[in-house]
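The structure under discussion appears below in the form of structure tokens.
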Amino acid sequence: MTVRFCSLASGSSGNCHFITDDSENLLVDAGLSGKKIQSKLLEIGIDPCRLTGILISHEHNDHIHSAGILSRRFNIPIYANVGTWRGMEEKLGKLKEEHIKIFETGKIFEVGDFIVTPYSTSHDANDPVGFSLINNGVKISITTDLGYINDEIIEHVRDSNLVVLESNHDEEMLKVGSYPYYLKRRILSNLGHLSNDAAGLAIVDLVRKNVKKVMLAHLSKENNFPELAIATVNNILALNKMIVGEDVEIVLAHRDRVSNLYEFSK
Ligand SMILES: [Zn+2]
Ligand SMILES: [Zn+2]
Numbered sequence: 001m002t003v004r005f006c007s008l009a010s011g012s013s014g015n016c017h018f019i020t021d022d023s024e025n026l027l028v029d030a031g032l033s034g035k036k037i038q039s040k041l042l043e044i045g046i047d048p049c050r051l052t053g054i055l056i057s058h059e060h061n062d063h064i065h066s067a068g069i070l071s072r073r074f075n076i077p078i079y080a081n082v083g084t085w086r087g088m089e090e091k092l093g094k095l096k097e098e099h100i101k102i103f104e105t106g107k108i109f110e111v112g113d114f115i116v117t118p119y120s121t122s123h124d125a126n127d128p129v130g131f132s133l134i135n136n137g138v139k140i141s142i143t144t145d146l147g148y149i150n151d152e153i154i155e156h157v158r159d160s161n162l163v164v165l166e167s168n169h170d171e172e173m174l175k176v177g178s179y180p181y182y183l184k185r186r187i188l189s190n191l192g193h194l195s196n197d198a199a200g201l202a203i204v205d206l207v208r209k210n211v212k213k214v215m216l217a218h219l220s221k222e223n224n225f226p227e228l229a230i231a232t233v234n235n236i237l238a239l240n241k242m243i244v245g246e247d248v249e250i251v252l253a254h255r256d257r258v259s260n261l262y263e264f265s266k
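Counting along the sequence shown from 1, when you hit position 153 you're at 153 in full-length UniProt numbering, and nothing is skipped either side.
What follows is the structure, given as structure tokens:
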């Protein structure tokens, strides 16, 4: 059994990740246009007609944009908690009753052989979650859009083969940048987005909890550079005597193109 993972895109203009065990073909978030998601799936050799479900982390548009369209087009269910459904129902348009799947934050549920745990994150949405998905001993966790990381989240994502972790902004770039004051405050707040520094410190904890690979995601276009995110994280790991490439592998999700396709098996 092999689990494959690919980030189709990640950033404030759209988030969508693909995960498959060849029987279930799932999207985590659908924040790009339906057309883009379909063409990106084809790019990695996946026929979009084979999609089997969409998990939604929270109702912001960069995570739900084409969820309704894809559900209707491919006849597939959407999984979200009550708060997220309340926030997105109208935008998604008419859905079949059987495609409205409701999970409870903190409570595991199954999608085929995937055992999914949605855990609470701190972000300015109704009931935002991160996900960990376990399938025959392979564990993949996705944690973006959060103001800070706490021990509870670290425990949820520990032992993951891959953690997709937000590394949104460089704090200095954000502070001196052109964003209006209210937006800077929102991003820096506990309900905003994780900085490169915060991601680096979180990765130190994750390495101690047996995480081998981390994908930096949801990078800001205005307030970050991929090279800067990687350098910041690498520095913090080095300060903690951790060696990138040996103790942990750091890879990137891109704002506008697909990531590598990663394979995991037990
Ligand atoms: Zn987002
Ligand atoms: Zn968000």
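Beta carbons are placed, not taken as given, at the ideal position from N, Cα and C, and that holds for glycine.
Since residue 290 and residue 7 should fall inside the 8 Å C-beta cutoff, what is the C-beta to C-beta distance between them, to a whole number of angstroms? What is shown of the chain runs 1 to 266, which leaves residue 290 out entirely.
If I follow the unbroken alpha helix (DSSP H) through residue 154, where does it start and stop? 151 to 157
Inter-residue Cα distance where the pair is residue 258 and residue 81: 27 Å
Could you give the C-beta distance for residue 123 and residue 146, rounded to a whole number, given that I count them as a contact under 8 Å? 5 Å
Kindly indicate which residue of 254, 216 and 205 has the alpha-carbon position closest to the one of residue 247. 205
Could you have a look at residue 36 and say whether DSSP puts it in helix, strand or coil? helix
So, helix, strand or coil for residue 101, using DSSP? strand
Take residue 95 and list the residues in its own chain whose beta-carbon comes closer than 8 Å to its own, dropping the five residues that flank it on each side. 68, 71, 72 and 78
Do the segment 177 to 185 and the segment 151 to 159 touch if we need at least three Cβ pairs shorter than 8 Å? no
Take residue 195 and list the residues in its own chain whose beta-carbon comes closer than 6 Å to its own, dropping the five residues that flank it on each side. 169 and 171
By the three-class DSSP mapping on this structure, what secondary structure does residue 251 have? strand
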